[in-house]
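A.B. asks: The listed protein sequences derive, respectively, from chains Y and U.
Mapping to the numbering used here: the first sequence position 70 is 70, numbers consecutive.
Mapping to the numbering used here: the second sequence position 48 is 384, numbers consecutive.
Note that the Cβ used here is the ideal one computed from N, Cα and C, for glycine as well.
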Amino acid sequence: MEPTVGSGKILTTPVITEDGQPTEYETDSTKPEQTINNVSLDKDVIVWKLTLHQIGLDVVRTDRALVYYENNENEAKLWDILAVYSWIDKDIGYCQGMTDLCSPITILIENEADAFWCFERLMRRMRSNFKSSTSTIGVRSQLVVLASVIKAVDPKLHEHLEKLDGGEYLFAFRMLMVLFRREFSFVDILYLWELMWAMEYNPTLFLTYESNTDANEIKAVAGKENLLDVYGRFERRYIRTGQKDEDAPLSIFLMAGVLEGKNKRLLKEAKGLDDVVKILNEMTGNLDAKKACSEALKIHKKYLTNKMRGRFSDGARLEKVVAVVLRGIVQVVVAF
Amino acid sequence: MAYRADEDYDYLFKVVLIGDSGVGKSNLLSRFTRNEFSLESKSTIGVEFATRSIHVDDKVVKAQIWDTAGQERYRAITSAYYRGAVGALLVYDVTRHVTFENVERWLKELRDHTDMNIVIMLVGNKADLRHLRAVTTEDAKAFAERENTFFMETSALEAMNVENAFTEVLTQIYRVVSRKALDICDDPAALPKGQTINVGSKDDVSAVKKVGCCSA
Chain Y
1 MEPTVGSGKI LTTPVITEDG QPTEYETDST KPEQTINNVS LDKDVIVWKL
51 TLHQIGLDVV RTDRALVYYE NNENEAKLWD ILAVYSWIDK DIGYCQGMTD
101 LCSPITILIE NEADAFWCFE RLMRRMRSNF KSSTSTIGVR SQLVVLASVI
151 KAVDPKLHEH LEKLDGGEYL FAFRMLMVLF RREFSFVDIL YLWELMWAME
201 YNPTLFLTYE SNTDANEIKA VAGKENLLDV YGRFERRYIR TGQKDEDAPL
251 SIFLMAGVLE GKNKRLLKEA KGLDDVVKIL NEMTGNLDAK KACSEALKIH
301 KKYLTNKMRG RFSDGARLEK VVAVVLRGIV QVVVAF
Chain U
337 MAYRADEDYD YLFKVVLIGD SGVGKSNLLS RFTRNEFSLE SKSTIGVEFA
387 TRSIHVDDKV VKAQIWDTAG QERYRAITSA YYRGAVGALL VYDVTRHVTF
437 ENVERWLKEL RDHTDMNIVI MLVGNKADLR HLRAVTTEDA KAFAERENTF
487 FMETSALEAM NVENAFTEVL TQIYRVVSRK ALDICDDPAA LPKGQTINVG
537 SKDDVSAVKK VGCCSA
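Right under this line is the structure:
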């Protein structure tokens, strides 16, 4: 469909116009196979071809400090994986940030096909962040959860941040979107991701990744009590507290931990969004993955405890209301 | 002259950087705010912000500059991005004609989402790559005149015109704002303290006039 895919080369200029015509850059070239482009193309094909050069533009800006990418074939491998992915997942296609997630996998897994499937599984976990409509982008729902976590564990900080950016928490966009890739060195991010994914481990995870898995099958696995030890530390707490409906990943609590760690400075020094960004940028290269994760677990615990307490007090209130109503009914009955 | 702390300014203006992916928006920003340029710069994910204060007349103007990812997909956060913007640098890459072709679309989006008084400058970046030039200065100048925007060619790498481009935009915003202030009342000194002057959308503190800021 596009001869560049798998050829060891990448595209950085558009090959097609929005109405499906080959661009001048392409017609200028002497490639004979371009003549078949005169056939009118399927809409899916046009959309896909339009993203190819965008992938290329980002590939040449990904992990440039690594010797690995001095080799054009390695560069092409990253491009191939993302090009094929954007074809098989048409809902998501390609979105800036995906090169950051894909690059470590491309480097670690030598075989291109294996690397592709590994990335595809990672995307099952992450894809909702990248899903966009005309009015919003998926990661924003995680930012909403982050705001509610900060509101629950540190209301004063939340109030301050809300004043600065209307509670959008856009300054945490990148961290959640590419799992702190930009805040850690290449080697440290491998360590952090492994730690995070181990903590988020859930024995039903792989079943949920299979689209053809029966929901009962997942329930059967999840229901086994003796499996509790198998869960990662983070995931286990959701199970223990019976809050399985929560779908907030560890990355949100990592971010909350970072904000908490900078709490004093943010309250005192941040007078604008740029100050927040400046203070947060200082974490780059200065975060300890292990410490950051244990901070995140602490906040997670605090958040869930607060929430349960909130639920209990709601329950208590409900009991009072019921009692008052009952008393009213009794009085009415007695009056009769 | 009296000592000024960082946060002392007379005006705060929000300026946005827009344009296709890879035209050099982030490097223009880092060149202007930190005098830095990186050949290994990464794609922008989400939004970034940086500030710098400059002097216009005898006033301190602080620019809060927003930089965003160029991919069309990220237009989804547009409303937050454009909210309250009073200036915009619309950047294209002089070596890639397609980025100039898309300027029209960016301009439309900008005008759809911001106040009509917004100050826009068309910026042709990477002007140092003379042998690769694909967009002529004349074409861009004609376009800018037609669309009633300012125009400048820059090189973030060689630090050419970067300072000028931002300063020009900020100065023009300042002119719009001070003219507005004069329209409101003949005697600018009679302005109530801390009054917000909106040249952008209605709901933001985009152009804040701080009166008597040096008294601290």
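1. What's the gap between the Cα of I357(Y) and the Cα of Y418(U)?
2. Any residues in the stretch 485–498 of chain U with a beta carbon nearer than 8 Å to a beta carbon of chain Y? Which ones, in chain order?
3. What do you get for G1(Y), buried or exposed, if any count of 16 or more other CB atoms within 10 angstroms of its CB means buried?
4. Under the three-state reduction of DSSP, which class applies to S29(Y): helix, strand or coil?
5. What residues in the stretch 58–73 of chain Y have a beta carbon less than 9 Å from any beta carbon of chain U?
6. Just list the residues that DSSP pairs E384(U) with in beta bridges.
7. I need the straight-line Cα distance from D44(Y) to Q21(Y), nearest angstrom please.
8. Between which two residues does the alpha helix (DSSP H) containing G261(Y) stretch?
9. Report, in whole angstroms, the separation of the C-beta atoms of T404(U) and T380(U), which I expect to be a contact under 8 Å.
10. I'd like the span of the alpha helix (DSSP H) that includes F116(Y), first residue to last.
11. Are K49(Y) and V84(Y) touching if we call contact CB-CB under 8 Å?
12. On the premise that L506(U) lies in contact with G485(U), defined as a C-beta separation below 8 Å, what is that separation, rounded to the nearest angstrom?
13. If the cut is a Cβ gap below 9 Å, which residues of chain U does E168(Y) touch?
14. Please list the residues of the stretch 105–137 of chain Y that have a C-beta atom closer than 9 Å to any C-beta atom in chain U, keeping them in chain order.
15. In this structure, how does DSSP classify N202(Y) when only helix, strand and coil are distinguished?
16. Is the separation between the beta-carbon of F487(U) and that of A495(U) shorter than 8 Å?
17. Inspect the beta-carbon positions of A421(U) and T450(U) and report whether they are closer than 8 Å.
18. Determine the direct distance from the alpha carbon of L267(Y) to that of T503(U), and round the result to whole angstroms.
19. Who are the neighbours of S357(U) on chain Y, taking C-beta pairs under 8 Å?
20. Which residues in the same chain as Y94(Y) place their Cβ atom closer than 7 Å to its Cβ, once the five residues preceding and following it in sequence are excluded?
21. Suppose contacts are defined by Cβ-Cβ distances below 8 Å. Is V145(Y) in contact with A248(Y) by that definition?
22. Using only CA atoms, which one of A215(Y), F234(Y), A147(Y), L250(Y) lies nearest to V178(Y)?
23. Under a CB-based cut-off of 8 Å, is A386(U) close to chain Y?
24. Ordered along the chain, which non-local residues of its own chain (more than five positions away) have a Cβ less than 8 Å from that of T23(Y)?
25. If you measure between the beta carbons of L287(Y) and T241(Y), is that distance less than 8 Å?
26. With 8 Å as the limit, tell me which residues of the stretch 361–373 of chain U have their beta carbon closer than that to any beta carbon of chain Y; keep them in chain order.
27. Can you tell me whether DSSP reads Y339(U) as helix, strand or coil?
28. Taking its Cβ as the centre, do 16 or more other Cβ atoms sit within 10 Å of Y510(U), making it buried, or is it exposed?
29. Helix, strand or coil for M196(Y), going by three-state DSSP, please let me know.
30. Got a sec? Which residues, its chain only, sit under 6 Å from L57(Y) by beta carbon, not counting five neighbours each side?
31. Should R178(Y) be flagged as near chain U, meaning a C-beta pair shorter than 8 Å?
32. Using 8 Å for Cβ pairs, my map puts E489(U) next to T473(U). What's the rounded Cβ distance?
33. When DSSP builds the beta bridges, which residues end up paired with A346(Y)?
34. Kindly list the residues whose CB is nearer than 6 Å to the CB of V455(U), restricted to its own chain and excluding five residues on each side of it in sequence; keep chain order.
35. Does the distance from the CB of K264(Y) to the CB of A152(Y) come in under 8 Å?
36. What I want to know is whether the C-beta of T13(Y) ends up closer than 7 Å to one or more non-hydrogen atoms of the ligand COA.
C.D. replies: To lay it out plainly:
1. Nothing in the structure corresponds to residue 357(Y), since chain Y is present only between 1 and 336.
2. Within the stretch 485–498 of chain U, no residue has its Cβ closer than 8 Å to any Cβ of chain Y.
3. Reading off the sequence, residue 1(Y) comes out as Met, not Gly. Exposed.
4. Legend: pLDDT at S29(Y) = 46, less than 50; position of this residue unreliable, no value from coordinates given.
5. Cβ contacts with chain U come from D58, V60, R61, T62, D63, R64, A65.
6. D403(U), per the DSSP bridge assignment.
7. Using only the alpha carbons, I get a separation of about 14 Å.
8. Its alpha helix (DSSP H) spans residues 250–261.
9. 6 Å between Cβ atoms; contact.
10. For F116(Y), the enclosing alpha helix (DSSP H) begins and ends at 112–130.
11. Judged by their CB atoms, K49(Y) and V84(Y) are not nearer to each other than the 8 Å cut-off.
12. Sequence inspection shows Thr at residue 485(U); the Gly mentioned does not correspond to that position. About 15 Å; that fails the 8 Å criterion.
13. Near E168(Y) (Cβ distances below 9 Å), the residues of chain U are I413, A416.
14. Listed in sequence order: F130, S132, S133, T134, S135, T136, I137.
15. Correct three-state label for N202(Y): coil.
16. For F487(U) and A495(U), no; Cβs fall outside 8 Å.
17. If you check the CB distance, A421(U) and T450(U) come in under 8 Å.
18. In a straight line, the C-alpha of T503(U) is about 31 Å away from that of L267(Y).
19. The contact set of S357(U) on chain Y, defined by CB atoms closer than 8 Å, consists of Q54, L57, D58, Q96 in chain order.
20. Listed in chain order, the non-local C-beta contacts of Y94(Y) below 7 Å within the same chain comprise T51, Q54, I55, L82, S86, local neighbours out to five positions each way being set aside.
21. The answer is yes: Cβ separation under 8 Å.
22. Selected option, being the one with the closest Cα: L250(Y).
23. At a cut-off of 8 Å between beta-carbon atoms, A386(U) makes contact with chain Y.
24. Excluding positions up to five away in sequence, the list reads T13, P14, V15, I16, T17.
25. No, Cβ-Cβ distance for L287(Y) and T241(Y) is not below 8 Å.
26. Closer than 8 Å at the C-beta level to chain Y, one finds no residue of the stretch 361–373 of chain U.
27. Low local confidence applies: a pLDDT of 45 at Y339(U) is under 50, so the model's placement there is unreliable, and no value is given.
28. Around the beta-carbon of Y510(U), 16 or more other beta-carbon atoms lie within 10 Å, marking it buried.
29. In the structure shown, M196(Y) sits in a helix (DSSP, three-state: H, G or I).
30. These residues qualify, in order along the chain: T12.
31. The amino acid at residue 178(Y) is misidentified as Arg; the sequence shows Val. Chain U, which has a Cβ nearer than 8 Å to the Cβ of V178(Y), makes this yes.
32. Between E489(U) and T473(U) a beta carbon distance of about 6 Å is seen, short of the 8 Å cut, so the two are scored as contacting.
33. Since the displayed chain Y opens at 1 and closes at 336, residue 346(Y) lies outside it and no answer follows.
34. Excluding sequence neighbours, V455(U) sits near G423, V505, Q508, I509.
35. A152(Y) is positioned such that its CB atom lies no closer than 8 Å to that of K264(Y).
36. Absent from the structure shown: the ligand COA. Ligands present: none.
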